[in-house]
């Protein structure tokens, strides 16, 4: 598993010319780092008398963040695995029309499969942005800058994963299917980006 | 060293209530991931006949990216170490005026020290954004989406680190010094954010 490697080794593998890990898996990693910063804020709020009235909410946030973090960590690996059939389809040689058709069919299916993981990374990142929205109002003030950094990471994971959907839908022959996927992507971006920006701006207004 | 830990362990440590690693170190990590994506694009361009005319430029970019990546990786640890004196100063108890004065002096010095690492993360991230600008025009077209994701990461590292400077300058008694540092931060943000946005928009215009 890529995420069992040391951070330095993971970064070196990313830098290499090997096709995985790539931008999708790296986005999942940044999303996981973002959720973790949210959890840090939650953990620093937990048990503090000053924040007595929100303790139950913080517990719910921490529980959800923990699940999201684990899901995003497994999506790092899942993205690499989803890329394999695509890589295989690309490298298929063809001479006859029949072979060409087979390659096209395999490629189309592999492109559809390769969208699944980045779409899931987007869904998780979107949810992580909402957790930061709650943490911005309920979390301990001493860690307010970490809410800002965390939500930046989650927004970047959302946008980074979207790039990895678009690169696949662009190559699909089935334009109707591609259009449906692109619409899902646009909706998530339109919801997540302004929400994340607002949280970040609110944080910045408190520390500058 | 934090970066010798597995990715999963690092993320778990970040999520915990322990003060380090925090948002600064995590920003350095995201910057390193961003530079690594740039290197991946460079490595995929290296030795390709189609990109013969830019091979020398790519080698220079890869060399610079490799250095930047290592520098950002060491800044993860450096940020944690720079936080220690600050944490120590915060927890100093005081009863007499003399003790209070001593605490204030230590705190002021620790705040100044704690700005150094995130400022350096900003400098490295800014340089990483420029490398992506070159990769967007010279790198292999098959990895264009990774240039987009890489530059998003570098922009987020730049902004995330700025947040960690601001949280420290806000608390400084020496407002003149704080103003000088804040000006440096603003300049880097004003240079880096629009540059990164332009690169991302150009990439998106090619894949959507």
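Chains as they are written, first to last, in the numbering used here: chain P, 4 to 211; chain B, 4 to 211. Ideal Cβ positions, reconstructed from N, Cα and C, are used throughout, including at glycine.
If you draw a straight line from the C-alpha of residue 195 of chain P to the C-alpha of residue 125 of chain P, how long is it? If you number the first chain from 1, residue 195 of chain P lands on position 192. If you number the first chain from 1, residue 125 of chain P lands on position 122. When rounded, the distance between both Cα atoms is 9 angstroms.
Can the beta-carbon of residue 168 of chain P be found less than 8 angstroms from the beta-carbon of residue 122 of chain P? Here residue 168 of chain P is taken as the residue at index 165 of the first chain, counted from 1. Here residue 122 of chain P is taken as the residue at index 119 of the first chain, counted from 1. The answer is yes: Cβ separation under 8 angstroms.
DSSP state of residue 148 of chain P mapped onto helix, strand, coil: Residue 148 of chain P sits at position 145 when you count from the first residue of the first chain. In the structure shown, residue 148 of chain P sits in a helix (DSSP, three-state: H, G or I).
Which residues in the same chain as residue 72 of chain P place their Cβ atom closer than 8 angstroms to its Cβ, once the five residues preceding and following it in sequence are excluded? Residue mapping note: residue 72 of chain P aligns to position 69 of the first chain, counting from 1. Only 35, 38, 39, 42 meet the Cβ criterion.
Which residues, taken in chain order from the stretch 58–90 of chain P, show a beta carbon closer than 8 angstroms to some beta carbon of chain B? 68, 69, 72, 76, 79
For residue 187 of chain P, which of P/87, P/13, P/18, P/119 has the nearest alpha-carbon? Position 184 of the first chain holds residue 187 of chain P. Residue 187 of chain P has its Cα closest to that of P/119, out of P/87, P/13, P/18, P/119.
Whole angstroms is fine: what's the gap from residue 163 of chain B's alpha carbon to residue 106 of chain P's? Taking the second chain and counting its residues from 1, the one referred to as residue 163 of chain B is at position 160. Taking the first chain and counting its residues from 1, the one referred to as residue 106 of chain P is at position 103. Cα to Cα, the separation comes out at about 44 angstroms.
Considering residue 108 of chain B, what are the terminal residues of the alpha helix (DSSP H) in which it resides? The residue you call residue 108 of chain B lines up with position 105 of the second chain. Here the alpha helix (DSSP H) through residue 108 of chain B covers 100–141.
For residue 9 of chain P, write down the residues that DSSP places opposite it in a beta bridge. By one-based count along the first chain, residue 9 of chain P stands at place 6. For residue 9 of chain P, which the question treats as bridged, DSSP gives the partners B/9.
With a threshold of 7 angstroms on Cβ separation, who are the neighbours of residue 152 of chain B within its own chain once the five nearest residues in sequence on each side are excluded? Within the second chain, the letter at position 149 stands for residue 152 of chain B. For residue 152 of chain B, where only same-chain residues beyond five positions count, the Cβ hits under 7 angstroms are 40.
Spatial neighbours of residue 9 of chain B within its chain, please: CB distance less than 6 angstroms, with the 5 preceding and 5 following residues excluded, ordered by chain position. Position 6 of the second chain holds residue 9 of chain B. There are no such residues.
Determine, using beta-carbon pairs with one atom in the stretch 11–19 of chain P and one in the stretch 72–89 of chain B, whether at least three such pairs fall under 8 angstroms. yes
List the whole-angstrom C-beta distance separating residue 148 of chain P from residue 170 of chain B, where the pair is believed to meet the contact cut-off of C-beta under 8 angstroms. As a position in the first chain, residue 148 of chain P is number 145, starting the count at 1. As a position in the second chain, residue 170 of chain B is number 167, starting the count at 1. Indeed they touch by this definition, with Cβ atoms about 4 angstroms apart.
If I measure Cβ to Cβ from residue 159 of chain P and keep anything under 6 angstroms in the same chain, skipping five residues before and after, which residues do I get? Counting from 1 along the first chain, the entry for residue 159 of chain P is found at position 156. Once the five neighbours on either side are set aside, the close Cβ partners of residue 159 of chain P are 33.
Just verifying my parser: in three-state terms, what is the DSSP assignment at residue 21 of chain P? On the first chain, residue 21 of chain P is found 18 positions in, with the first residue counted as 1. The answer is coil: DSSP assigns residue 21 of chain P none of H, G, I, E or B.
Report the residue from P/48, P/31, P/144, P/54 whose alpha carbon sits nearest the alpha carbon of residue 20 of chain B. Working through the second chain from its first residue, we reach residue 20 of chain B at position 17. Comparing Cα-Cα distances from residue 20 of chain B to each of P/48, P/31, P/144, P/54, the minimum goes to P/48.
Return yes when the Cβ of residue 62 of chain P is within less than 8 angstroms of the Cβ of residue 132 of chain P, no when it is not. Counting from one through the first chain, the residue named residue 132 of chain P turns up at place 129. Counting from one through the first chain, the residue named residue 62 of chain P turns up at place 59. Not in contact: residue 132 of chain P and residue 62 of chain P (Cβ atoms no closer than 8 angstroms).
Could you pull out every residue in the same chain whose Cβ sits closer than 7 angstroms to the Cβ of residue 205 of chain B, ignoring the five residues on either side in sequence? By 1-based counting over the second chain, the position of residue 205 of chain B is 202. Closer than 7 angstroms at Cβ, skipping near neighbours: 139.
So, for residue 113 of chain B: in the same chain, excluding its five sequence neighbours on each side, which residues have a beta-carbon less than 7 angstroms away from its beta-carbon? Within the second chain, residue 113 of chain B is the residue found at index 110, counting from 1. For residue 113 of chain B, where only same-chain residues beyond five positions count, the Cβ hits under 7 angstroms are 88, 89, 92.
Please list, in chain order, the chain B residues whose beta carbon lies closer than 9 angstroms to that of residue 162 of chain P. The residue given as residue 162 of chain P occupies position 159 in the first chain. Those are 151, 152, 155, 203, listed as they occur along chain B.
Closer than 8 angstroms to chain P by CB, residue 14 of chain B: In the second chain, counting from the first residue as 1, residue 14 of chain B sits at position 11. Residue 14 of chain B counts as touching chain P.
Quick check for students: name the residue ranges of the alpha helix (DSSP H) that lie wholly in the stretch 146–189 of chain B, counting only runs of 4 or more. 147–172
Can you give me the start and stop residues for the alpha helix (DSSP H) that residue 90 of chain B sits inside? Start at 1 with the first residue of the second chain, and residue 90 of chain B comes out as number 87. From DSSP, the alpha helix (DSSP H) with residue 90 of chain B extends over 58–93.
Cβ separation of residue 111 of chain B and residue 176 of chain B, assumed to be a contact under 8 angstroms, to the nearest whole Å: In the second chain, residue 111 of chain B corresponds to position 108, counting from 1. In the second chain, residue 176 of chain B corresponds to position 173, counting from 1. Rounded, the Cβ-Cβ distance is 6 angstroms, consistent with contact.
Determine whether the beta carbon atoms of residue 143 of chain P and residue 52 of chain P lie at a separation below 8 angstroms. In the first chain, the residue the question calls residue 143 of chain P occupies position 140. In the first chain, the residue the question calls residue 52 of chain P occupies position 49. Not closer than 8 angstroms, so no.
Endpoints, alpha helix (DSSP H) assigned at residue 48 of chain B: Looking up residue 48 of chain B in the second chain gives position 45. First-last of the alpha helix (DSSP H) with residue 48 of chain B: 26–48.
Sorted by chain position, which residues of the same chain lie with C-beta nearer than 6 angstroms to residue 146 of chain P's C-beta, five sequence neighbours on each side aside? In the first chain, counting from the first residue as 1, residue 146 of chain P sits at position 143. Once the five neighbours on either side are set aside, the close Cβ partners of residue 146 of chain P are 44, 47.
Own chain residues within Cβ distance below 7 angstroms of residue 181 of chain P, not counting five before or after: Stepping through the first chain from its first residue, residue 181 of chain P is reached at position 178. Cβ within range, chain order: 172, 175.
Who are the near neighbours of residue 117 of chain P in its chain, counting only those whose CB is closer than 7 angstroms to its CB and skipping five residues on each side? Locating residue 117 of chain P in the first chain gives position 114, where the first residue counts as 1. Closer than 7 angstroms at the Cβ level, and outside the excluded window around residue 117 of chain P, lie 85, 86, 89, 171.
Can you tell me the Cα-Cα spacing of residue 59 of chain B and residue 210 of chain B, whole angstroms? Working through the second chain from its first residue, we reach residue 59 of chain B at position 56. Working through the second chain from its first residue, we reach residue 210 of chain B at position 207. Taking the straight line joining both Cα atoms gives about 27 angstroms.
Against chain P, with Cβ distances strictly below 8 angstroms, would residue 33 of chain B count as a contact? Reading the second chain from its first residue, position 30 is the one you call residue 33 of chain B. For residue 33 of chain B, the answer is yes, since a Cβ of chain P falls inside 8 angstroms of its Cβ.
Exposed or buried, residue 213 of chain B, counting other C-beta atoms within 10 Å across all chains shown (16 or more means buried)? Given a span of 4 to 211 for chain B in the structure shown, any question on residue 213 of chain B remains unanswerable.
Minimum C-alpha distance to residue 55 of chain P - residue among P/141, P/179, P/155: Here residue 55 of chain P refers to the residue found at position 52 of the first chain. Minimum Cα distance to residue 55 of chain P is reached at P/141.
Can you list, in chain order, the residues of its chain whose CB lies under 8 angstroms from that of residue 65 of chain P, leaving out five sequence neighbours each side? Counting from one through the first chain, the residue named residue 65 of chain P turns up at place 62. If we look at residue 65 of chain P and ignore the five residues flanking it on each side, its Cβ neighbours are 42, 45, 46, 49.
Residue nearest to residue 82 of chain P in terms of C-alpha spacing, selected from P/184, P/190, P/102, P/29: Here residue 82 of chain P refers to the residue found at position 79 when the first chain is read from its first residue. Ranking P/184, P/190, P/102, P/29 by Cα distance to residue 82 of chain P puts P/29 first.
Residue-chain proximity (residue 28 of chain B, chain P), Cβ-Cβ < 8 angstroms: The residue you call residue 28 of chain B lines up with position 25 of the second chain. For residue 28 of chain B, the answer is no, since every Cβ of chain P falls outside 8 angstroms of its Cβ.
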